[in-house]
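Its first residue numbered -6, the sequence shown is counted upward by one per residue in the working numbering.
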Amino acid sequence: PGFVMSDWGGVHSGSKAALAGLDQQSAGEVFDAAVFFDEPLRLAVHGGVVPQARLNDMVARILRTMFLHGNFDNPPQHQKVDAEAGFAVAQRTVEEGSVLLRNEGSLLPLADSVKRIVIIGGHADKGVIGGGGSSMVGVTAKGTNAVPGVMPTTWPGPVIFHPSSPLESLRAARPDATIAYVDGTNAAAAAEAAAQADVAIVFATQWAAESVDLPDMQLPDNQDALISAVAKANPKTVLVLETNGPVRTPWLAQVPAMLQAWYPGIRGGEGIAALLTGQVNPSGRLPVTWVTDESQLPRPHIDGLGFKPAKPFGDVFDFDIEGANVGYKWMAAKGLTPTFAFGHGLSYTSFAYDNLKVSVEGSRLVASVDIRNTGKRAGADVAQLYLKLPAGSTTPIRLIGYDKVNLQPGEQRRIRIEAEPKTLAHYDAQARQWKIDGGTYQVQLSRNAAEPLQTVDVQLVEQVLR
-6 PGFVMSDWGG VHSGSKAALA GLDQQSAGEV FDAAVFFDEP LRLAVHGGVV
44 PQARLNDMVA RILRTMFLHG NFDNPPQHQK VDAEAGFAVA QRTVEEGSVL
94 LRNEGSLLPL ADSVKRIVII GGHADKGVIG GGGSSMVGVT AKGTNAVPGV
144 MPTTWPGPVI FHPSSPLESL RAARPDATIA YVDGTNAAAA AEAAAQADVA
194 IVFATQWAAE SVDLPDMQLP DNQDALISAV AKANPKTVLV LETNGPVRTP
244 WLAQVPAMLQ AWYPGIRGGE GIAALLTGQV NPSGRLPVTW VTDESQLPRP
294 HIDGLGFKPA KPFGDVFDFD IEGANVGYKW MAAKGLTPTF AFGHGLSYTS
344 FAYDNLKVSV EGSRLVASVD IRNTGKRAGA DVAQLYLKLP AGSTTPIRLI
394 GYDKVNLQPG EQRRIRIEAE PKTLAHYDAQ ARQWKIDGGT YQVQLSRNAA
444 EPLQTVDVQL VEQVLR
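Right, here's the structure in full:
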């Protein structure tokens, strides 16, 4: 049971869509070329282009689904939302999901001896940026934008800043320090302020949203120049990125510490402050490959950039350049070195691995290994298991399992990672079967996709998964 509804901007015809099985055009007709399921559909039914039976089927599918879910007999009752519980989840999310990308000289966490701090840019005095589109619908309705007026102000905007100030959160976490703020619109003024501080913390933002593509990987609004100027003035510069994904890093060698906070949400300021001050030990890992620039991407240029979904932008394009080799698999297949590998992430403590064992029984592959916290802080590490496929395979390497482990200083634990059988296989489209090719495979225990720590060769037998 169910019915078919389009996504916003996903309908390009009326009769064809109805005859193909579309039951409801979404409420986003503003993105479609027309409101097809209104007057055009009525005329199509009256003219016999769309049978009355098809219209009846649409209605039956929609109503049946609503009855099955109790929309009429037991309509949902509005209940009070536990906002504080939601805020706590939001803060844990940014604390566990943020990724410490660099930490040269252990600049982070901020030492107690650091007494003069300057926060620069990113509207960090007001809040943290969020992504656009439907993720901001509720926030927009409540009118809780900490920095109104930032373009664009129409769909897929407006640009929203959650009212969770990193500046105020850092001041609360470090009342013993003098923490100033400079908005970063003047790079020279920011550099001058940075030179007077023990540590400078730059907040850089990049807004993105559904239904639009970024033109490139460069930070907007001359933020690269700001970061370079501040880092030149103060070698103890921390960069906090609030972006939807990787950006170019021309200033990388100048910046000793980098924290990727993504879009940190309604408790972003508090979470970032907890990470920078060491109240929380970073444990996030990159879920994407941080390429150096666009030249490392399968598509350095995006066809149809700036066009709305309803507007055609040319002939058929090759949408299968990389096939299954997405992200880290593309990098491995092409022999490319990223700025930061998939799965990368640092901690304020250190970990050691030993005694990797791998067993194979049919389509089951199980690895076990000892992990020990060799540092002085409690922390979590993510043991990652990759499979290097036999020579000649179209996919050179594949993540087959991982485990996040929390350990106290000096604590050791043996962990077990079992790979799902399909992670060892490939799909044969003609036979419509999942198959494991026979041969020698290398199991890699790694910190990230490009940094294996221990390896074990295993033999897999050719088989079809049932």
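Backbone N, C-alpha and C fix where the C-beta goes; we use that ideal spot for every residue, glycine too.
From Asn138 to Ser158, what distance separates their C-alpha atoms? Residue numbering aside, residue 138 sits at position 145 when the sequence shown is read from its first letter. Residue numbering aside, residue 158 sits at position 165 when the sequence shown is read from its first letter. Going by C-alpha positions, Asn138 is about 12 Å away from Ser158.
The alpha helix (DSSP H) spanning Asn348 covers which residue range? Numbered from its first residue, the sequence shown carries residue 348 at position 355. It is not in any alpha helix (DSSP H) - Asn348 instead sits in the beta strand (DSSP E) that spans Phe344 to Glu354.
Out of curiosity, what's the CA-to-CA distance linking Ser204 and Gly126? Residue mapping note: residue 204 aligns to position 211 of the sequence shown, counting from 1. Residue mapping note: residue 126 aligns to position 133 of the sequence shown, counting from 1. Rounded to the nearest angstrom, the two C-alpha atoms are 8 Å apart.
Count the other CB atoms within 10 Å of the CB of Gln216; is the residue buried (16 or more) or exposed (fewer)? Locating residue 216 in the sequence shown gives position 223, counting from the first residue. The residue is buried, with at least 16 neighbouring Cβ atoms inside 10 Å.
Could you tell me the alpha carbon to alpha carbon distance between Ser6 and Arg260, rounded to whole angstroms? The residue labelled residue 6 in the question sits at position 13 within the sequence shown. The residue labelled residue 260 in the question sits at position 267 within the sequence shown. Each residue's alpha carbon lies about 43 Å from the other.
Do you know how far the Cα of Arg241 is from the Cα of Gln211? Counting from 1 along the sequence shown, the entry for residue 211 is found at position 218. Counting from 1 along the sequence shown, the entry for residue 241 is found at position 248. The alpha-carbon atoms of Gln211 and Arg241 are separated by roughly 5 Å.
My output table needs one value for Pro159: the three-state DSSP class, helix, strand or coil. Mapped onto the sequence shown, residue 159 falls at position 166. The answer is helix: DSSP assigns Pro159 an H, G or I state.
Do the region 411 to 421 and the region 283 to 300 touch if we need at least three Cβ pairs shorter than 8 Å? Segments in contact, no.
Here's the rule I'm using: 16 or more other beta-carbon atoms within 10 Å means buried, otherwise exposed. How should Asn318 be labelled? Counting from one through the sequence shown, the residue named residue 318 turns up at place 325. Buried, since its Cβ has 16 or more Cβ neighbours within 10 Å.
Nearest-angstrom Cα separation, counted from Ser128 out to Ile153: Within the sequence shown, residue 153 is the residue found at index 160, counting from 1. Within the sequence shown, residue 128 is the residue found at index 135, counting from 1. Rounded to the nearest whole angstrom, the C-alpha separation of Ile153 and Ser128 is 10 Å.
Measure the C-alpha to C-alpha separation of Ala188 and Ala267 and round it to an integer number of angstroms. Here the question's residue 188 lines up with position 195 in the sequence shown. Here the question's residue 267 lines up with position 274 in the sequence shown. Cα to Cα, the separation comes out at about 25 Å.
Considering only their Cβ atoms, is the gap separating Asp430 from Glu455 smaller than 8 Å? By 1-based counting over the sequence shown, the position of residue 455 is 462. By 1-based counting over the sequence shown, the position of residue 430 is 437. With respect to the 8 Å criterion, Glu455 and Asp430 are classified as neighbours on the basis of their beta carbons.
Close Cβ partners of Gln17 (< 6 Å) along its chain, the five nearest in sequence each way excluded: Counted from its first residue, the sequence shown places residue 17 at position 24. Apart from sequence neighbours up to five positions away, the residues of its chain that approach Gln17 with a beta-carbon distance below 6 Å are Met(-2), ordered along the chain.
Is Val449 close to chain D, meaning its C-beta is less than 8 Å from at least one C-beta of that chain? As a matter of chain content, chain D is missing from the structure shown, which is built from one protein chain.
State yes or no: is the C-beta of Ser276 within less than 8 Å of the C-beta of Glu444? Counting from one through the sequence shown, the residue named residue 276 turns up at place 283. Counting from one through the sequence shown, the residue named residue 444 turns up at place 451. Taking C-beta atoms as the reference points, Ser276 and Glu444 fail to come closer than 8 Å.
On the premise that Thr282 lies in contact with Pro331, defined as a C-beta separation below 8 Å, what is that separation, rounded to the nearest angstrom? The residue given as residue 331 occupies position 338 in the sequence shown. The residue given as residue 282 occupies position 289 in the sequence shown. With a Cβ gap of about 5 Å, Pro331 and Thr282 count as contacting.
What do you reckon, are the CB atoms on Thr198 and Asn274 nearer than 8 Å? Position 205 of the sequence shown holds residue 198. Position 281 of the sequence shown holds residue 274. No. Outside cutoff.
Using DSSP's beta-bridge definition, name the partner residues of Ala193. For the purposes of this step, residue 193 is taken as the residue at position 200 of the sequence shown. The partner list for Ala193 (beta bridge, DSSP) reads Val111 and Thr230.
Span of the alpha helix (DSSP H) around Asp50: As a position in the sequence shown, residue 50 is number 57, starting the count at 1. Taken as a continuous stretch (DSSP letters only), the alpha helix (DSSP H) holding Asp50 covers Gln45 to Leu61.
Which value, in whole angstroms, describes the spacing of the CA atoms of Pro(-6) and Thr58? Along the sequence shown, one-based indexing puts residue -6 at 1. Along the sequence shown, one-based indexing puts residue 58 at 65. CA-CA distance, Pro(-6) to Thr58, rounds to 6 Å.
Using DSSP bridges, identify the partner residues of Gln426. Locating residue 426 in the sequence shown gives position 433, counting from the first residue. Note: Gln426 sits in a beta bridge opposite Asp421.
Considering only residues of the region 210 to 279, which uninterrupted beta strand (DSSP E) runs meet the minimum length of 3 residues and lie entirely inside it, listed in chain order? Taking only runs of at least 3 residues, the beta strand (DSSP E) segments lying wholly in the region 210 to 279 are 230 to 235 and 250 to 253.
State yes or no: is the C-beta of Leu15 within less than 8 Å of the C-beta of Val4? Within the sequence shown, numbered from 1, the residue matching residue 15 stands at position 22. Within the sequence shown, numbered from 1, the residue matching residue 4 stands at position 11. Yes, these two residues count as a Cβ contact at 8 Å.
Could you please give the first and the last residue of the uninterrupted beta strand (DSSP E) stretch that includes Thr86? Working through the sequence shown from its first residue, we reach residue 86 at position 93. First-last for Thr86: Ala76 to Gly90, but that is the alpha helix (DSSP H), not the beta strand (DSSP E).
Please report the straight-line C-alpha distance between Val92 and Ala254, rounded to a whole angstrom. Along the sequence shown, one-based indexing puts residue 92 at 99. Along the sequence shown, one-based indexing puts residue 254 at 261. CA-CA distance, Val92 to Ala254, rounds to 7 Å.
Where does Ser361 sit, in a helix, a strand or coil, going by DSSP? For the purposes of this step, residue 361 is taken as the residue at position 368 of the sequence shown. Three-state DSSP puts Ser361 in a strand.
I'd like the list of long-range same chain contacts for Ala182, defined as Cβ closer than 7 Å, with 5 residues on each side in sequence excluded. As a position in the sequence shown, residue 182 is number 189, starting the count at 1. Once the five neighbours on either side are set aside, the close Cβ partners of Ala182 are Val175.
Under the three-state DSSP convention, the category Leu392 falls into: On the sequence shown, position 399 is the one that residue 392 refers to. Taken through DSSP and simplified to helix, strand or coil, Leu392 comes out as strand.
From Ala224, Arg440 and Leu358, residue whose alpha carbon lies closest to that of His337: Position 344 of the sequence shown, counted from the start, is the residue given in the question as residue 337. Closest by alpha carbon: Arg440.
For Trp427, collect the residues of the same chain with a Cβ closer than 6 Å to its Cβ; drop the 5 residues on either side in sequence, then sort them by chain order. The count along the sequence shown starts at 1 and reaches residue 427 at position 434. Only Lys415, Ala418, Tyr420 and Leu458 meet the Cβ criterion.
Sufficient close CB pairs (3 or more, under 8 Å) joining the region 233 to 240 to the region 62 to 81: Taking a cut-off of 8 Å for Cβ pairs, the region 233 to 240 and the region 62 to 81 do not touch, as fewer than three such pairs fall below it.
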